[in-house]
Amino acid sequence: MYRKAFIDVYLKHGFSFDEARSEIDFALDTLFNYGYKDFMLGKSLEQWQTAKLNKVIEERVLTHRPIQQIIGQAFFYGRKFFVDKYTLIPRPETEILVKEVLNISQNIFNPKILDIGTGSGCIPVTLLLENSNIIADAIDISTEAVETAKKNALFHNIQNNLNIYKSDLFENVTLKYNIIVSNPPYIPLKDKDTLQIEVRDFDPPNALYTKDENGIEYYEKIIKQSDKFLLPNGFLAFEIGQNQAEIVSILLKEYNFTIKNIVQDMNNIARVIIAQKR
Ligand SMILES: C[S@@+](CC[C@H](N)C(=O)[O-])C[C@H]1O[C@@H](n2cnc3c(N)ncnc32)[C@H](O)[C@@H]1O
2 MYRKAFIDVY LKHGFSFDEA RSEIDFALDT LFNYGYKDFM LGKSLEQWQT AKLNKVIEER
62 VLTHRPIQQI IGQAFFYGRK FFVDKYTLIP RPETEILVKE VLNISQNIFN PKILDIGTGS
122 GCIPVTLLLE NSNIIADAID ISTEAVETAK KNALFHNIQN NLNIYKSDLF ENVTLKYNII
182 VSNPPYIPLK DKDTLQIEVR DFDPPNALYT KDENGIEYYE KIIKQSDKFL LPNGFLAFEI
242 GQNQAEIVSI LLKEYNFTIK NIVQDMNNIA RVIIAQKR
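The opening residue of the sequence shown carries number 2 in this note's numbering; numbering runs sequentially from there.
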């Protein structure tokens, strides 16, 4: 019954039923470890729990702050990650990038991987949890994101295998890698007003925007400098934005990479590009 009352609050503020249901289930799970089964069994919430959930939902519907940011947790690849206002909320599309990097890693002995722009650390933490042969480093320009990524590494108990540090792209990077992975900022600043409020007003701006027209500023910088940081036959693995596959492919070929794979997301948008150095 109470679940319906919470759903009604969402509906009253113009959210869809599906959004309401999935967010309430997410909140019940992350806040109280309370699953759908508990609801079906008629387990009720205690007064303090109802009050807490009310507060969270009120902030969500009135401000449009994403529920993951309000609660401070998000799911990625089926696991919990801490998030905050300094880290992008991990997206399902990025799981495709992780899957592709895991595929390549299978054929490399003790693969060394660098994640550029790690945010919450969701990419390298997941890679290490899925393949214990991987050795990974992760960098971010944001001091706060580096701290959150370290917290996630500790939470998932892989802190000894993952070196996370602050760097403006390759500025402080000294080693060479088999794979450089990145989900960099790729939205041209001029497109800011076309974004959902949840993204535009709450994701950290330095996780989203580029200064150039096409959103390829970071791909270009990484591709141009990658030679120095890739081992022979090394790979670049990028998440890309809508309509960027062609232009990023051209750039990669220009710098002697062979395109190995372009993978579409659930909306048939080319979302991940994998290239290998010739
Ligand atoms: C789109 S977010 C991706 C975060 C995370 N990897 C994910 O997939 O959820 C881009 C990240 O790049 C970082 N970033 C932006 N400019 C950077 C730079 N010059 N050097 C390193 N990291 C940068 C941002 O702080 C942000 O964490």
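For every residue, glycine included, the Cβ atom is placed at its ideal position computed from N, Cα and C.
Should residue i go down as buried or exposed, given a rule of 16 or more other Cβ atoms within 10 Å for buried?
i	result
residue 106	buried
residue 45	exposed
residue 178	buried
residue 34	exposed
residue 117	buried
residue 279	exposed
residue 227	buried
residue 206	exposed
residue 238	buried
residue 154	buried
residue 186	buried
residue 183	buried
residue 219	buried
residue 70	buried
residue 133	exposed
residue 74	buried
residue 93	exposed
residue 91	buried
residue 159	buried
residue 209	buried
residue 211	buried
residue 176	exposed
residue 68	buried
residue 110	exposed
Which of helix, strand or coil does DSSP assign to residue i?
i	result
residue 270	coil
residue 86	coil
residue 1	Outside the displayed range of the chain (2 to 279) lies residue 1, so it cannot be described from this structure.
residue 202	coil
residue 277	strand
residue 42	coil
residue 114	strand
residue 212	coil
Taking the beta strand (DSSP E) that residue i belongs to, which residues open and close that run?
i	result
residue 124	Element bounds for residue 124: not the beta strand (DSSP E) but the alpha helix (DSSP H), 123–131.
residue 74	74–77
residue 240	231–240
Distance, Cα to Cα, residue i vs residue j?
i	j	result
residue 164	residue 241	25 Å
residue 85	residue 254	37 Å
residue 6	residue 63	16 Å
residue 157	residue 82	9 Å
residue 40	residue 247	48 Å
residue 225	residue 275	16 Å
residue 66	residue 203	6 Å
residue 189	residue 51	41 Å
residue 72	residue 130	24 Å
residue 150	residue 24	24 Å
residue 104	residue 113	14 Å
residue 11	residue 171	44 Å
residue 146	residue 277	29 Å
residue 193	residue 87	18 Å
residue 221	residue 124	21 Å
residue 13	residue 19	14 Å
residue 48	residue 127	36 Å
residue 140	residue 96	19 Å
residue 115	residue 261	19 Å
residue 101	residue 43	42 Å
residue 121	residue 148	9 Å
Name the two residues that bound the continuous alpha helix (DSSP H) containing residue i.
i	result
residue 57	48–64
residue 104	93–106
residue 251	246–255
residue 265	That residue, residue 265, is in no alpha helix (DSSP H); its beta strand (DSSP E) goes 258–265.
residue 218	218–227
Please decide whether residue i counts as near chain D, where near means a Cβ-Cβ distance under 9 Å.
i	result
residue 186	Included in the structure is just one protein chain, with no chain D present.
Consider the C-beta atom of residue i and the heavy atoms of ligand 3; say whether any pair is separated by less than 8 Å.
i	result
residue 116	Of the ligands this structure carries, namely ligand 1, none is ligand 3.
### Message
Extract the residue ranges of the alpha helix (DSSP H) inside the segment 118–199, only unbroken runs of 4 or more that lie entirely within it.
### Response
123–131, 144–156
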